[in-house]
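Enquirer: Pasting a structure here, questions to come.
2 protein chains.
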Amino acid sequence: MKLRELSELLQLSQTTVSRALNGYPEVSEATRRRVLEAARAHGYRANVRARSLATGRAMAIGHVIPLTVRHEMVNPVFSDFIAGAGEVYAARGYDMVLSLVPDEKQAEAYHELKTKGSVDGLIVHAPAAGDKRIHLLTEIGLPFVVHGRATDALDDYSWVDMNNTRAFRRATELLLDLGHRRIALVNGLESLDFALRRRAGFEAALRARGLEPDPGLIFSDEMTEGYGHDTARALLARPDAPTAFLASSIIVAIGIRRAIEEAGLKMGRDVSVITHDDDLGYLQNRAEVPVFTATRSSVREAGRQAATILLDQIENRAEGPVHVMLEAEFILGQSTGPAPKSIQHDEAT
Amino acid sequence: MKLRELSELLQLSQTTVSRALNGYPEVSEATRRRVLEAARAHGYRANVRARSLATGRAMAIGHVIPLTVRHEMVNPVFSDFIAGAGEVYAARGYDMVLSLVPDEKQAEAYHELKTKGSVDGLIVHAPAAGDKRIHLLTEIGLPFVVHGRATDALDDYSWVDMNNTRAFRRATELLLDLGHRRIALVNGLESLDFALRRRAGFEAALRARGLEPDPGLIFSDEMTEGYGHDTARALLARPDAPTAFLASSIIVAIGIRRAIEEAGLKMGRDVSVITHDDDLGYLQNRAEVPVFTATRSSVREAGRQAATILLDQIENRAEGPVHVMLEAEFILGQSTGPAPKSIQHDEAT
DNA sequence: TCATCCGCTCAAACCGCTTTGGACGCCGCA
DNA sequence: TGCGGCGTCCAAAGCGGTTTGAGCGGATGA
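Sequences listed follow chains A and B, in order. Numbering follows my numbering, with no gaps: position 187 of the first sequence is 185. Numbering follows my numbering, with no gaps: position 164 of the second sequence is 162.
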């Protein structure tokens, strides 16, 4: 069923039918009702390609998901972010188009999205420090919202971010208050902006107490379970093993916990762990007393907000850049306790 | 830069330019080179909406991700599946459009995708037993490939599935061989087809040894870490606690492991665990000796295959339905061992 | 030498919708 | 009665490509 057929059927012009369907005032209520009725009866739906060709609006938002060169992985936090954004898109009639693009082809991908005209705007994921994509996009003139920020980016742009620095500063302070001095930071890839901010928060807290961060206790990699485990295992085998870990994601923390247990130690008693918790649907940290002490900020909520801002921007041109800073909740769980005098290595595995 | 501008610039008709760009033979090589050169120089790219309106092909594949009513979550295996499929789409010039749709609106969503013409085909995720979507789609006439299968579906259709029944049968057999008799199945939602097959494999293995499955040891829910943990904790507190667990996903298994350790028990010695492992990028089970004994099948690979089949189907109409059955590898890890005579409850938490 | 064919190119129709610029009939007002 | 204004509706011109059918000049064959 196409518009012409529907209009012939109703003995009306395409114009009138189109206007009736799209809520224009130049149509009498009686006619409009008749049109809507017929449209529903015949399951008519405007062809989205034709419509967007005519209107110039794609009614679609692009998400470009960067694939790291080393491991071509899709971070599970994207699932949740996208779930949040997807809600908003669905409610407002937009489609979501995903492109998985290797890091080095990002620039090209954006240009293509613009000139191909397949999206009205996009969400930028996983910004690096001084990310060149931001400048590129402002130049191209495609509306966008960044999930996170890019230090040093010259242009002003909209973003939704979590207060990474403060969260990690507070987490570090708690560990210091509990008497921990050798604290390992098991961070995400420090090519990414959020990881730099987390590190900054960590280091600031140490320095505020007159402690110099030990580069030998700071790690940076893709946030997998294996990375958390291997890092913690190696550290715990050292004579000067850290008494506390600060993890950048719950998946990393799960790996750390595994290493702690393999070493015959008990998390929360022998070794403390604080993690950032993105509040992923499938990996909730929400028992009566949660397993992990954590800084929690829902990435799903971030997705909702980013999507809302972007759509608003697209729909009422005028608005300037919007910044949303989400503060993480600090959740006290079972994984933290006072620093032990010395770690008791328990060889009875 | 649009086609008309480019053609004026080249002093050629739009027809010729279009043909030159799309590789039609009616253009002299000299002209083609000239056109391609100019297109590249000016960064010309065909507007995808106009093109697809003219050709009738959307150059996009839809993924409809069902949201369960109870918890609106996006399963992390989608990330990996999509990563696999996305590779193939990118290589062949297709976009991927995602819709998150509540369970009850699925049928409507498919109709809409068809009549709106925004996709050329789609991937059906998480089929239920006798899923009505399959019939609906064959009726609508939109090419599709199912990730998984739907028992009882009447129509013939293309699918890519893992041999769930065999995997869980083999896993159960190993546990039985190790002397376990009280084995708990911590399954996914049994409204979904794959979970039914896994249960069938589990029960078949038991029955083959003359054991009757105990309904009190079979669980079904959304596959979260918390579900694994809570289920295992409750079971381990019982006097007739199971000596082994069969988990439907590594996330669930991680929860089970946590409960085992909280109970002061040791996984692999006191309690055995086998899990299905989708080989997720961020939750790999791949050490020298993997943590979990597991049936492993890469969901990412499933994504690649499903995408390939779908695109082939779309591009050369002719083909009949294709079925791909992936066999899981059976990986021996640290989480299994002979059944203990009796569980030693160790209260020293 | 003339008819035919081939290689290359073009003008115009078309894809399905939106939107501009009227047209038409009817009302109220002077 | 005449005229402007309003409420409805329509024809046609886009949106930016692809594709059909035809034209045109030069080479080929009889």
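Even glycine gets a Cβ: it sits at the ideal position worked out from N, Cα and C.
What are the complete beta strand (DSSP E) segments, minimum 3 residues, inside the segment 264 to 296 of chain B?
Expert: DSSP runs (the beta strand (DSSP E)) wholly in the segment 264 to 296 of chain B: 270 to 275 and 291 to 294.
Enquirer: Measure how close the beta-carbons of Asp154 (chain A) and Pro338 (chain A) come, nearest whole angstrom, since I'm counting them as under 8 Å.
Expert: Taking the first residue of the first sequence as position 1, residue 154 (chain A) is located at position 156. Taking the first residue of the first sequence as position 1, residue 338 (chain A) is located at position 340. Contact doesn't hold; Cβ gap of about 48 Å is too wide.
Enquirer: Counting contacts by CB-CB distance shorter than 9 Å, is Ser203 (chain B) in contact with chain A?
Expert: The residue labelled residue 203 (chain B) in the question sits at position 205 within the second sequence. Here residue 203 (chain B) turns out to be Ala, not Ser, going by the sequence shown. No, no contact with chain A.
Enquirer: Is Asp268 (chain B) close to chain A? Criterion is C-beta to C-beta, closer than 9 Å.
Expert: For the purposes of this step, residue 268 (chain B) is taken as residue 270 along the second sequence, with counting starting at 1. No, Asp268 (chain B) lies away from the interface with chain A (no Cβ there is under 9 Å from its Cβ).
Enquirer: Checking the sheet assignment: what are the DSSP bridge partners for Ile329 (chain A)?
Expert: By 1-based counting over the first sequence, the position of residue 329 (chain A) is 331. Bridge partners of Ile329 (chain A): A:Ala292.
Enquirer: Where does Asp93 (chain B) sit, in a helix, a strand or coil, going by DSSP?
Expert: Here residue 93 (chain B) is taken as the residue at index 95 of the second sequence, counted from 1. Correct three-state label for Asp93 (chain B): strand.
Enquirer: Quick one, which of B:Ala52, B:Arg2, B:Arg294 and B:Gly253 has its alpha-carbon nearest Met160 (chain B)'s?
Expert: Counting from 1 along the second sequence, the entry for residue 160 (chain B) is found at position 162. It is B:Arg294.
Enquirer: Give a yes or no on contact between the segment 110 to 124 of chain A and the segment 132 to 142 of chain A, applying the rule of three or more CB pairs nearer than 8 Å.
Expert: The segment 110 to 124 of chain A vs the segment 132 to 142 of chain A: in contact.
Enquirer: Find out if the Cβ-Cβ distance for the pair Thr170 (chain B), Phe217 (chain B) is shorter than 9 Å.
Expert: The residue labelled residue 170 (chain B) in the question sits at position 172 within the second sequence. The residue labelled residue 217 (chain B) in the question sits at position 219 within the second sequence. For Thr170 (chain B) and Phe217 (chain B), no; Cβs fall outside 9 Å.
Enquirer: Give the range of the alpha helix (DSSP H) segment to which Leu173 (chain A) is assigned.
Expert: Here residue 173 (chain A) refers to the residue found at position 175 of the first sequence. Segment Asn162 to Asp175, the alpha helix (DSSP H) holding Leu173 (chain A).
Enquirer: List the whole-angstrom C-beta distance separating Ile258 (chain A) from Leu173 (chain A), where the pair is believed to meet the contact cut-off of C-beta under 8 Å.
Expert: As a working note, residue 258 (chain A) is residue 260 in the first sequence. As a working note, residue 173 (chain A) is residue 175 in the first sequence. At roughly 15 Å, the Cβ-Cβ gap does not stay under 8 Å, so Ile258 (chain A) and Leu173 (chain A) are not in contact.
Enquirer: Pop quiz: Gly128 (chain B) and Ala165 (chain B) are said to be a contact at Cβ under 8 Å. What is the actual Cβ separation, rounded to whole angstroms?
Expert: Within the second sequence, residue 128 (chain B) is the residue found at index 130, counting from 1. Within the second sequence, residue 165 (chain B) is the residue found at index 167, counting from 1. Going by Cβ atoms, the distance from Gly128 (chain B) to Ala165 (chain B) rounds to 22 Å, so no, they are not a contact pair.
Enquirer: Pick helix, strand or coil for Ser77 (chain B), following the three-state DSSP scheme.
Expert: Stepping through the second sequence from its first residue, residue 77 (chain B) is reached at position 79. If DSSP states are grouped into helix, strand and coil, Ser77 (chain B) belongs with the helices.
Enquirer: Below 9 Å between beta carbons: does that hold for Pro240 (chain A) and Ala182 (chain A)?
Expert: In the first sequence, counting from the first residue as 1, residue 240 (chain A) sits at position 242. In the first sequence, counting from the first residue as 1, residue 182 (chain A) sits at position 184. In this structure, Ala182 (chain A) lies closer than 9 Å to Pro240 (chain A) by Cβ.
Enquirer: Check whether the segment 325 to 339 of chain B and the segment 269 to 284 of chain B touch, using three or more Cβ-Cβ pairs below 8 Å as the test.
Expert: Result yes; three or more Cβ-Cβ pairs closer than 8 Å.
Enquirer: Given 8 Å as the limit, is there contact between the segment 77 to 84 of chain A and the segment 43 to 53 of chain A, that is, 3 or more CB pairs closer than that?
Expert: Not touching, per the Cβ criterion.
Enquirer: My parser needs the beta strand (DSSP E) runs of 3 or more residues fully inside the segment 10 to 88 of chain B; what are they?
Expert: As far as the segment 10 to 88 of chain B is concerned, its whole beta strand (DSSP E) runs of at least 3 residues are 58 to 65.
Enquirer: Based on DSSP bridge pairs, tell me the residues matched to Pro100 (chain B).
Expert: Residue 100 (chain B) sits at position 102 when you count from the first residue of the second sequence. DSSP lists B:Leu65 as partners of Pro100 (chain B).
Enquirer: List the endpoints of the continuous beta strand (DSSP E) containing Val122 (chain A).
Expert: Sequence index remark: in the first sequence, residue 122 (chain A) carries index 124 (1-based). Unbroken beta strand (DSSP E) run through Val122 (chain A): Gly119 to Val122.
Enquirer: I'd like to confirm the pairing. Which residues does DSSP put opposite Leu190 (chain B) in its beta bridges?
Expert: In the second sequence, the residue the question calls residue 190 (chain B) occupies position 192. Answer is B:Ala126.
Enquirer: Have a look at Glu6 (chain B) and Val250 (chain A) and give me their C-alpha separation to the nearest angstrom.
Expert: For the purposes of this step, residue 6 (chain B) is taken as the residue at position 8 of the second sequence. For the purposes of this step, residue 250 (chain A) is taken as the residue at position 252 of the first sequence. Each residue's Cα considered, the two are about 58 Å apart.
Enquirer: On the three-pair Cβ rule with 8 Å, is the segment 219 to 238 of chain B touching the segment 274 to 290 of chain A?
Expert: Yes: at least three Cβ pairs fall under 8 Å.
Enquirer: If I measure Cβ to Cβ from Arg2 (chain A) and keep anything under 7 Å in the same chain, skipping five residues before and after, which residues do I get?
Expert: Residue 2 (chain A) sits at position 4 when you count from the first residue of the first sequence. These residues qualify, in order along the chain: Gln12.
Enquirer: Kindly indicate if chain B contains any beta-carbon less than 9 Å away from that of Gly115 (chain A).
Expert: Locating residue 115 (chain A) in the first sequence gives position 117, where the first residue counts as 1. Yes, contact with chain B.
Enquirer: Which chain B residues are close to Asp289 (chain A), counting only those with a beta carbon under 8 Å from its beta carbon?
Expert: Locating residue 289 (chain A) in the first sequence gives position 291, counting from the first residue. Looking at the sequence provided, one finds Val at residue 289 (chain A) rather than Asp. Here the neighbours are Arg256.
Enquirer: If you draw a straight line from the alpha carbon of Pro23 (chain B) to that of Leu10 (chain B), how long is it in whole angstroms?
Expert: Along the second sequence, read from residue 1 onward, the residue named residue 23 (chain B) stands at position 25. Along the second sequence, read from residue 1 onward, the residue named residue 10 (chain B) stands at position 12. Between Pro23 (chain B) and Leu10 (chain B), the C-alpha separation is close to 16 Å.
Enquirer: How long is the line joining the alpha carbons of Gln104 (chain A) and His274 (chain B), rounded to whole angstroms?
Expert: Residue mapping note: residue 104 (chain A) aligns to position 106 of the first sequence, counting from 1. Residue mapping note: residue 274 (chain B) aligns to position 276 of the second sequence, counting from 1. Using only the alpha carbons, I get a separation of about 35 Å.
Enquirer: If you draw a straight line from the C-alpha of Leu176 (chain A) to the C-alpha of Arg255 (chain A), how long is it?
Expert: Here residue 176 (chain A) refers to the residue found at position 178 when the first sequence is read from its first residue. Here residue 255 (chain A) refers to the residue found at position 257 when the first sequence is read from its first residue. Rounded to the nearest angstrom, the two C-alpha atoms are 19 Å apart.
Enquirer: So with Cβ pairs under 9 Å, would you call Asn185 (chain B) a contact of chain A?
Expert: Working through the second sequence from its first residue, we reach residue 185 (chain B) at position 187. It does not: the Cβ of Asn185 (chain B) has no partner Cβ on chain A nearer than 9 Å.
Enquirer: Rounded to whole angstroms, how far is the Cβ of Val86 (chain B) from the Cβ of Arg302 (chain B), which I believe are closer than 8 Å?
Expert: In the second sequence, the residue the question calls residue 86 (chain B) occupies position 88. In the second sequence, the residue the question calls residue 302 (chain B) occupies position 304. With a Cβ gap of about 6 Å, Val86 (chain B) and Arg302 (chain B) count as contacting.
Enquirer: Grab the span of the alpha helix (DSSP H) containing Leu215 (chain B) for me, first residue to last.
Expert: Mapped onto the second sequence, residue 215 (chain B) falls at position 217. Run containing Leu215 (chain B): none; DSSP gives neither H nor E here.
Enquirer: Please report the distance separating the alpha-carbon of Val25 (chain B) from that of Leu51 (chain B).
Expert: Counted from its first residue, the second sequence places residue 25 (chain B) at position 27. Counted from its first residue, the second sequence places residue 51 (chain B) at position 53. If you take the alpha carbons of Val25 (chain B) and Leu51 (chain B), they lie about 24 Å apart.
Enquirer: Using C-beta distances below 7 Å, list every residue in its chain close to Glu188 (chain B), excluding the 5 sequence neighbours before and after it, in chain order.
Expert: As a working note, residue 188 (chain B) is residue 190 in the second sequence. Cβ within range, chain order: Leu194, Arg197 and Ser218.
Enquirer: Report the CB separation of Pro125 (chain A) from Gly146 (chain A) in whole angstroms; it is logged as a contact under 8 Å.
Expert: The residue given as residue 125 (chain A) occupies position 127 in the first sequence. The residue given as residue 146 (chain A) occupies position 148 in the first sequence. Confirmed, Cβ separation roughly 5 Å.
Enquirer: For Asn45 (chain A), which residues in chain B fall below 7 Å Cβ to Cβ?
Expert: One-based indexing of the first sequence puts residue 45 (chain A) at position 47. Those are Lys114 and Gly115, listed as they occur along chain B.
Enquirer: Determine the DSSP secondary structure at Asp159 (chain A), reduced to helix, strand or coil.
Expert: If you number the first sequence from 1, residue 159 (chain A) lands on position 161. Here Asp159 (chain A) sits in strand by DSSP.
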